[in-house]
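Asks: Structure provided below as structure tokens; questions to follow.
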Amino acid sequence: MWASEPGEEGDGEGEKERADCTALLLGESQASKAAPTCCSARYSLAVWAFFGFFLLYALRVNLSVALVDMVESNTTLTKNRTSQTCVAHSSTPAVPRNTTGKKYNWNADTQGWILGSFFYGYIITQIPGGYLARQVGGKLLMGFGVLGTAVFTLFTPLAADLGVGYLIAVRALEGLGEGVTFPAMHVMWSSWAPPLERSKLLSISYAGAQLGTVVSLPLSGVISFYMDWIYVFYIFGSLGVLWFLFWICMVGDTPETHKRISLAEKEYILSTLSDQLSTRKSVPWAAMLTSLPLWAIVVAHFSYNWTFYTLLTLLPTYMKEILKFDVQENGFLSALPYFGCWLCIIISGQVADYLREKRNMSTLCVRRTFTLIGMIGPAVFLVAAGFIGCNYQLAVAFVTISTTLGGFSTSGYSINHLDIAPSYAGILLGITNSFATIPGMVGPLVAKGLTHNNTVGEWQVVFYIAAAINLFGAIFFALFSSGDVQDWAVNGYHVHRN
Numbered sequence: 001m002w003a004s005e006p007g008e009e010g011d012g013e014g015e016k017e018r019a020d021c022t023a024l025l026l027g028e029s030q031a032s033k034a035a036p037t038c039c040s041a042r043y044s045l046a047v048w049a050f051f052g053f054f055l056l057y058a059l060r061v062n063l064s065v066a067l068v069d070m071v072e073s074n075t076t077l078t079k080n081r082t083s084q085t086c087v088a089h090s091s092t093p094a095v096p097r098n099t100t101g102k103k104y105n106w107n108a109d110t111q112g113w114i115l116g117s118f119f120y121g122y123i124i125t126q127i128p129g130g131y132l133a134r135q136v137g138g139k140l141l142m143g144f145g146v147l148g149t150a151v152f153t154l155f156t157p158l159a160a161d162l163g164v165g166y167l168i169a170v171r172a173l174e175g176l177g178e179g180v181t182f183p184a185m186h187v188m189w190s191s192w193a194p195p196l197e198r199s200k201l202l203s204i205s206y207a208g209a210q211l212g213t214v215v216s217l218p219l220s221g222v223i224s225f226y227m228d229w230i231y232v233f234y235i236f237g238s239l240g241v242l243w244f245l246f247w248i249c250m251v252g253d254t255p256e257t258h259k260r261i262s263l264a265e266k267e268y269i270l271s272t273l274s275d276q277l278s279t280r281k282s283v284p285w286a287a288m289l290t291s292l293p294l295w296a297i298v299v300a301h302f303s304y305n306w307t308f309y310t311l312l313t314l315l316p317t318y319m320k321e322i323l324k325f326d327v328q329e330n331g332f333l334s335a336l337p338y339f340g341c342w343l344c345i346i347i348s349g350q351v352a353d354y355l356r357e358k359r360n361m362s363t364l365c366v367r368r369t370f371t372l373i374g375m376i377g378p379a380v381f382l383v384a385a386g387f388i389g390c391n392y393q394l395a396v397a398f399v400t401i402s403t404t405l406g407g408f409s410t411s412g413y414s415i416n417h418l419d420i421a422p423s424y425a426g427i428l429l430g431i432t433n434s435f436a437t438i439p440g441m442v443g444p445l446v447a448k449g450l451t452h453n454n455t456v457g458e459w460q461v462v463f464y465i466a467a468a469i470n471l472f473g474a475i476f477f478a479l480f481s482s483g484d485v486q487d488w489a490v491n492g493y494h495v496h497r498n
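Numbered according to the working numbering, the sequence shown terminates at residue 498, and the numbering increases by one at each position without gaps.
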């Protein structure tokens, strides 16, 4: 599918691909002089998308903070047996929290259903979101996805008052709304991102998710303490509605439909994508689902998320139950891994496109290299976390380094959908993100089943499993991924090398 036939035909195809690549590089080099990045429509889109994903993740994680003040103190989450390996670390005296908010008598199982209900809605709309975005446009789907999530967030306090069933339903509906956003944004970038700027543009837009987590976690705690937990939902929900109004006015589905784009920038974008997009209305489902490069992304996405959720969900538990240190006692330390990941996403996006454009490194080489760093690195530090003894400072350092290195993956497998099938990137992301949502639901259950006694040995098994899955995903992607537009993804079965 991606290799030339041997002989003269293969040589001709190779020359054709090299000519395409040369033309692409020359075309972008010439057009870039007339289409600067400053104040451009495509970078404006990246900034508005950044704020959109910032709010989406703030809306996603704020409940985990507010829930602390929503439940009665005697119904907090139950714990497994606590290990006596390490001596408890001294901590600052607990400051009484604001007690004006309404309390609910929810047991541990109920709280688990409330926190997990989001994912059950989120996984449903992944593939339909990619398909609908291709039919109606990513702008409206992205906009209404954020708006729907924000509106249902505003109804969270009311739903909690009505009963736990209503709250679970509202959280699932939030997941339904948020599930379409990533596929919709990928569809928009398939029409907006020049091939040699993909890493930069997508890393800017998707980095908002990490920064949203960095800001939302401590800010939600401050709001709950000084005001009332209901304002956590009112403030972030209102900001989501406000963002929607700006989004509708400021961005366009494609360069052709944007009201304020310059003619030079429009021609620049369209010329660089002319050989990579398909005008077919039908979706080549059979060819798509049997494409090995797509399954390479699926395996990498699933594997990365398994380790991602292990680090962000289970390592704090390990530090609290084994090391006797609660990372939530320090808001800065709890947000530090997310901040490191956000910083790495921004920098790696710039580096990836620099290597492709200035150093003539192939797209495939860049995607594989960044994926290997972003998956093997976290795996190594995850295994190391099982052998740190009682040093909780080192544990925080390891989780920060591990999560930071994971940011390289954003310029690796995470945007490879646009390399292999720009016209169907939204659908491809819907497929891979559906599989990648499963670790968020299954991973914590597996870990809890393995750590009944909370021994160091049990937790080491948890880390070994996560690291092995991550390593397998990295190797699978390195062996079977592609950097070229697949023949089923373009008209006339023309292969264009990035």
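We treat Cβ as the ideally placed atom computed from N, Cα and C, and that holds for glycine.
(1) How long is the line joining the alpha carbons of Leu217 and Tyr354, rounded to whole angstroms?
(2) DSSP on Asp484, reduced to helix/strand/coil?
(3) In this structure, how does DSSP classify Val180 when only helix, strand and coil are distinguished?
(4) Roughly how many angstroms lie between the CA atoms of Ser64 and Leu115, to the nearest whole one?
(5) Compute the beta-carbon to beta-carbon distance between Gly377 and Leu333, rounded to the nearest angstrom, for a pair I have assumed lies under 8 Å.
(6) Helix, strand or coil: how does DSSP classify Val71 here?
(7) Report buried or exposed for Ala150, applying the criterion of at least 16 other Cβ atoms within 10 angstroms of its Cβ.
(8) Just to confirm, are Ala49 and Tyr268 a CB contact at a threshold of 9 Å?
(9) Please report the straight-line C-alpha distance between Asn512 and Leu45, rounded to a whole angstrom.
(10) Within a Cβ cutoff of 7 Å, which residues of the same chain sit near Arg60, ignoring the five residues on either side of it in sequence?
(11) From Gln393 to Leu323, what distance separates their C-alpha atoms?
(12) Check whether the Cβ atoms of Thr125 and Gly175 lie closer than 9 Å to each other.
(13) Can you give the Cα-Cα distance for Leu140 and Ile248, rounded to whole angstroms?
(14) What residue range does the alpha helix (DSSP H) around Gln276 cover?
(15) Give the DSSP bridge partners of Tyr104, in chain order.
(16) Going by Cα to Cα distance, which pick from Ala379, Thr310, Val146 and Leu364 is closest to Leu445?
(17) Quick one: grab the DSSP three-state call for Ala478.
(18) Among the candidates Tyr338, Lys102, Ile373 and Ala489, whose CA atom is the shortest distance from the CA of Glu72?
(19) Count Cβ pairs between the segment 466 to 483 and the segment 367 to 375 that sit closer than 8 Å; are there 3 or more?
(20) Report yes or no: do the segment 342 to 359 and the segment 182 to 202 share at least 3 C-beta pairs separated by less than 8 Å?
(21) Taking only the alpha-carbon atoms, compute the straight-line gap between Trp189 and Cys341 and give it to the nearest angstrom.
(22) On the three-state DSSP scale, how would you describe Ile124?
(23) For Asn453, which three-state DSSP category applies?
Replies: According to the structure shown:
(1) Within the sequence shown, numbered from 1, the residue matching residue 217 stands at position 217. Within the sequence shown, numbered from 1, the residue matching residue 354 stands at position 354. Their backbone Cα atoms lie some 33 Å apart in a straight line.
(2) Position 484 of the sequence shown, counting from 1, holds the residue named residue 484. In this structure, Asp484 counts as strand in the three-state DSSP scheme.
(3) As a first step, residue 180 is located in the sequence shown; it is residue number 180 there, counting from the start. It is coil, neither helix nor strand.
(4) For this step, residue 64 is matched to residue 64 along the sequence shown. For this step, residue 115 is matched to residue 115 along the sequence shown. Going from the Cα of Ser64 to the Cα of Leu115 covers about 7 Å.
(5) The residue given as residue 377 occupies position 377 in the sequence shown. The residue given as residue 333 occupies position 333 in the sequence shown. Gly377 to Leu333, Cβ: 20 Å. No contact.
(6) Sequence index remark: in the sequence shown, residue 71 carries index 71 (1-based). Strand at Val71.
(7) Within the sequence shown, residue 150 is the residue found at index 150, counting from 1. By the neighbour-count rule (16 or more Cβ atoms within 10 Å), Ala150 is buried.
(8) Looking up residue 49 in the sequence shown gives position 49. Looking up residue 268 in the sequence shown gives position 268. No, the pair does not count as a contact, with Cβ atoms beyond the cut-off.
(9) An answer regarding residue 512 cannot be provided, because it is not within the stretch 1 to 498 covered by the chain.
(10) Here residue 60 refers to the residue found at position 60 of the sequence shown. So the qualifying residues of the chain are Phe118 and Glu178.
(11) Sequence index remark: in the sequence shown, residue 393 carries index 393 (1-based). Sequence index remark: in the sequence shown, residue 323 carries index 323 (1-based). If I take the Cα positions, the gap works out to 10 Å.
(12) Taking the sequence shown and counting its residues from 1, the one referred to as residue 125 is at position 125. Taking the sequence shown and counting its residues from 1, the one referred to as residue 175 is at position 175. Result yes, Cβ atoms of Thr125 and Gly175 sit closer than 9 Å.
(13) Here residue 140 refers to the residue found at position 140 when the sequence shown is read from its first residue. Here residue 248 refers to the residue found at position 248 when the sequence shown is read from its first residue. About 8 Å.
(14) Here residue 276 refers to the residue found at position 276 of the sequence shown. First-last for Gln276: undefined, no H or E at that position.
(15) Within the sequence shown, residue 104 is the residue found at index 104, counting from 1. In the DSSP output, where bridge partners are listed per residue, Tyr104 has Val71.
(16) Here residue 445 corresponds to residue number 445 of the sequence shown, with the count starting at 1. Nearest of Ala379, Thr310, Val146 and Leu364 to Leu445, Cα basis: Thr310.
(17) Against the sequence shown, residue 478 aligns to sequence position 478. Three-state result, Ala478: helix.
(18) Start at 1 with the first residue of the sequence shown, and residue 72 comes out as number 72. Checking every option, the nearest Cα to that of Glu72 belongs to Lys102.
(19) yes
(20) yes
(21) Position 189 of the sequence shown, counted from the start, is the residue given in the question as residue 189. Position 341 of the sequence shown, counted from the start, is the residue given in the question as residue 341. Cα to Cα, the separation comes out at about 22 Å.
(22) Within the sequence shown, residue 124 is the residue found at index 124, counting from 1. Residue state, collapsed to three classes: coil.
(23) What you label residue 453 is simply residue 453 of the sequence shown in a count that begins at 1. Three-state result, Asn453: coil.
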